[in-house]
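Chemist: Line order of the protein sequences matches chains A and B. To convert, note that position 188 of the first sequence is 188 in UniProt numbering; the numbers rise steadily by one, no gaps. To convert, note that position 77 of the second sequence is 77 in UniProt numbering; the numbers rise steadily by one, no gaps. C-beta: ideal position from N, C-alpha, C; glycine also. Got a structure for you, written out below as structure tokens; questions coming shortly.
Protein chains: 2
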Amino acid sequence: MATRQKTGRPTLTREDLADATLRLLEREGPGGLSMRKVAAEVGVQAASLYWHVQNKEELLDLASDALWEGLEPEPPGAVAAGDDWRATVAEASRRLRAHLLAHHSAVRVLAGRFAPGPRALAPMERLLATLRGAGFSGPDAANAAYTLSTWVQGFVIHEAVPMSAAEERGATPEQASEEARQRLAALPADRYPHLVELAGEISGPGMDTRFEFGLARLLDGLERLRGTGGD
Amino acid sequence: MATRQKTGRPTLTREDLADATLRLLEREGPGGLSMRKVAAEVGVQAASLYWHVQNKEELLDLASDALWEGLEPEPPGAVAAGDDWRATVAEASRRLRAHLLAHHSAVRVLAGRFAPGPRALAPMERLLATLRGAGFSGPDAANAAYTLSTWVQGFVIHEAVPMSAAEERGATPEQASEEARQRLAALPADRYPHLVELAGEISGPGMDTRFEFGLARLLDGLERLRGTGGD
DNA sequence: TCCACTCCCCTAACGACGTTAGGCAGTCCC
DNA sequence: GGGACTGCCTAACGTCGTTAGGGGAGTGGA
């Protein structure tokens with residue numbers, strides 16, 4: 001399995017392709033992706049990719065798994081007993097959000113492929129360890145981990161769509177959210193009274209606040225389960 | 001603005017195109033979509049679509065909004081005061097999940113475009129009305145509605161991926177989840193002890209149970225906020 | 001009644017795309 | 001040294017999104 005060093009270039013790996021795909025997605029935005037460009041990114045002809053990968057589908061699946069690479073574990077002190085589990089889980093969630101947001105363009109393309117690939121396993125294992133360490137039963141920990149990670153991912157998707165759309169139009173996120181607010185406020189108030197009234201709250205730029213709100217609710221709900229000795 | 005009745009066929013609308021796109025997505029699965037096929041579906045040549053739509057992007061955006069069509073409102077008794085808000089919100093969430101799951105193939109393609117389009121507004125308005133009726137402040141209601149809907153959508157995406165993948169291979173959902181379980185159970189137990197231990201819980205077919213778990217946690221968290229006089 | 005005008009669709013074509021077939025250098029094993 | 005394998009290549013296929021330009025059917029004014 002030695003690499004072919006004589007030609008100067010080590011042979012490609014599937015990971016190289018996944019990374020190149022992710023790089024391209026971020027540099028050129030969704031839609032700027034093609035087998036030919038991925039090939040060029042790694043210095044090869046398009047047809048050569050099919051030596052490593054069955055088709056574009058598989059390449060995208062690889063890229064979707066590679067999305068999880070580089071997600072840093074929360075600092076130690078994890079697997080905390082007592083009430084520290086809240087802080088640990090909250091921090092892990094914030095890191096996940098920040099990590100995915102850093103790849104928002106790729107998230108948009110790969111959202112329909114989110115699946116527990118090999119690289120997503122390590123964060124999931126850490127989360128389960130924290131929850132079990134906090135006293136949750138096996139089933140509760142599994143369900144809680146699933147709920148948390150699906151929520152964060154759903155949240156980020158909704159953040160990523162206007163973000164990359166604004167980016168493509170050369171607008172700032174503030175401009176985009178202001179436009180969204182105006183669209184809501186301009187709605188017929190007799191049919192959508194609450195949307196009109198809450199236009200500022202719904203489309204405001206306060207995504208950090210909104211994330212913390214959801215996170216706090218979720219953790220509260222989990223805490224109550226733990227307190228009542230769930231399952 | 002009269003329709004051209006004499007030729008037998010009323011002229012196309014953008015809604016027709018969105019519906020046809022959705023139909024095609026469900027019939028042929030993700031990847032079976034092209035401008036030419038959408039055109040054929042409505043009995044027209046591909047180039048004619050560009051009279052109604054700027055490009056494929058816009059067509060997909062229309063389809064993503066059309067996804068919300070047909071989502072039935074929860075039965076009346078909504079906007080309930082007291083503790084009934086829990087039942088109302090829970091029912092709305094279950095209906096949303098069921099509705100999106102009925103279009104899982106489209107969900108996969110359109111996940112990266114989820115945005116509050118015109119047709120998504122009515123369900124959101126209803127949800128806000130319920131929450132405000134239950135005593136939540138404006139900002140709390142807005143945040144709660146956002147948290148709930150992003151979670152349901154994230155959940156469904158994670159459900160839709162293996163579902164349509166299994167469908168394409170002609171496997172049953174049970175087979176698919178059993179395969180997922182075996183993949184987890186076969187992991188190195190020293191590196192992923194909790195994943196191996198909980199393989200059955202994580203990849204089991206009990207998606208309904210898992211959904212109810214997350215829903216209950218979320219509602220518990222919201223209830224606590226209401227109880228403490230949120231805002 | 002005729003004529004301009006708009007609406008909505010058509011045919012034809014362009015370049016880029018995903019993918020396959022077949023070939024050809026280097027490298028490894030005997 | 002010879003065969004087999006690996007990892008790339010060139011060439012080509014059919015399909016795709018999209019544009020240019022044309023035309024017929026309906027509408028409103030003279």
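Just checking, does the segment 167 to 183 of chain A make contact with the segment 123 to 132 of chain B on the three C-beta pairs under 8 Å criterion?
Modeler: Too few Cβ pairs lie closer than 8 Å, so no.
Chemist: Please report the Cβ distance between Phe-110 of chain A and Ala-63 of chain A, rounded to the nearest whole angstrom; I am assuming they are in contact, meaning their Cβ atoms lie under 8 Å.
Modeler: Per the sequence shown, the amino acid found at residue 110 of chain A is Leu instead of Phe. Ala-63 of chain A and Leu-110 of chain A do touch by the CB rule: their CB atoms are close to 6 Å apart, below 8 Å.
Chemist: Within 8 Å (strictly less), CB to CB, does Phe-213 of chain A reach chain B?
Modeler: yes
Chemist: Contact between the segment 192 to 203 of chain B and the segment 213 to 220 of chain B is defined here as three or more beta-carbon pairs at a separation below 8 Å; is this criterion met?
Modeler: In short, these stretches do not touch, since the Cβ pair count stays below three.
Chemist: Please confirm if Pro-10 of chain B has its CB atom under 8 Å from at least one CB of chain A.
Modeler: no
Chemist: Run the CB neighbour count on Pro-139 of chain B, radius 10 Å, all protein chains shown included, and call it buried at 16 or more, exposed below.
Modeler: Classification for Pro-139 of chain B: buried.
Chemist: Which residues bound the alpha helix (DSSP H) around Tyr-146 of chain B?
Modeler: Tyr-146 of chain B: member of the alpha helix (DSSP H) spanning 138 to 169, first to last residue.
Chemist: Is it true that the segment 185 to 195 of chain A meets the segment 177 to 191 of chain B, where meeting means three or more beta-carbon pairs spaced less than 8 Å apart?
Modeler: no
Chemist: Are any of the Cβ atoms in chain B nearer than 8 Å to that of Gly-221 of chain A?
Modeler: yes
Chemist: Could you name the residues of the same chain whose beta carbon sits closer than 7 Å to that of Ser-93 of chain A, not counting the 5 residues immediately before and after it, in chain order?
Modeler: Leu-148, Val-152 and Leu-215
Chemist: Should the segment 85 to 92 of chain B be called in touch with the segment 34 to 45 of chain B, which here means at least 3 C-beta pairs below 8 Å?
Modeler: No, they do not touch.
Chemist: What in chain B is Cβ-close to residue 254 of chain A, meaning under 9 Å?
Modeler: What is shown of chain A runs 1 to 231, which leaves residue 254 of chain A out entirely.
Chemist: One question on the structure: do Lys-37 of chain A and Leu-49 of chain A come within less than 8 Å of each other, judged by their Cβ atoms?
Modeler: no
Chemist: Assuming residue 237 of chain B is part of the alpha helix (DSSP H), what are its boundary residues?
Modeler: Residue coverage of chain B in this structure runs from 1 to 231, which leaves residue 237 of chain B outside it and unanswerable.
Chemist: To the nearest angstrom, how far is the alpha carbon of Ser-34 of chain B from that of Asp-61 of chain A?
Modeler: 21 Å
Chemist: Kindly say whether Val-161 of chain B, judged by its beta-carbon, lies nearer than 8 Å to any beta-carbon of chain A.
Modeler: yes
Chemist: For the alpha helix (DSSP H) containing Phe-213 of chain B, list its first residue and its last residue.
Modeler: 207 to 227
Chemist: Hey, how far is the Cα of Gly-135 of chain A from the Cα of Arg-226 of chain A?
Modeler: 7 Å
Chemist: Identify, in the order they occur along the chain, each residue of the same chain with its Cβ nearer than 8 Å to the Cβ of Leu-219 of chain A, setting aside the five sequence neighbours on each side.
Modeler: Contacts found: Arg-86, Val-89 and Ala-90.
Chemist: Please decide whether Asn-55 of chain A counts as near chain B, where near means a Cβ-Cβ distance under 8 Å.
Modeler: no
Chemist: From Ala-78 of chain B to Arg-224 of chain B, what does the alpha carbon distance come to, in whole angstroms?
Modeler: Caution applies to Ala-78 of chain B, whose pLDDT of 49 falls short of 50 and renders its modelled position unreliable; the model cannot decide the point.
Chemist: What is the DSSP secondary structure of Pro-118 of chain B, reduced to helix, strand or coil?
Modeler: Three-state DSSP puts Pro-118 of chain B in a helix.
Chemist: Any idea if Asp-65 of chain B is buried or exposed, counting beta-carbon neighbours within 10 angstroms, 16 or more meaning buried?
Modeler: A residue is called buried when at least 16 other Cβ atoms come within 10 angstroms of its Cβ; Asp-65 of chain B meets this threshold and is buried.
Chemist: Can you look up Gly-43 of chain A in the DSSP assignment and give me helix, strand or coil?
Modeler: Correct three-state label for Gly-43 of chain A: coil.
Chemist: One question on the structure: do Gly-112 of chain B and Ile-157 of chain A come within less than 8 Å of each other, judged by their Cβ atoms?
Modeler: yes
Chemist: Between which two residues does the alpha helix (DSSP H) harbouring His-52 of chain A extend?
Modeler: 49 to 52 is the extent of the alpha helix (DSSP H) around His-52 of chain A.
Chemist: Roughly how many whole angstroms lie between the Cα atoms of Arg-191 of chain A and Val-196 of chain B?
Modeler: The straight-line gap separating the alpha-carbon atoms of Arg-191 of chain A and Val-196 of chain B is approximately 51 Å.
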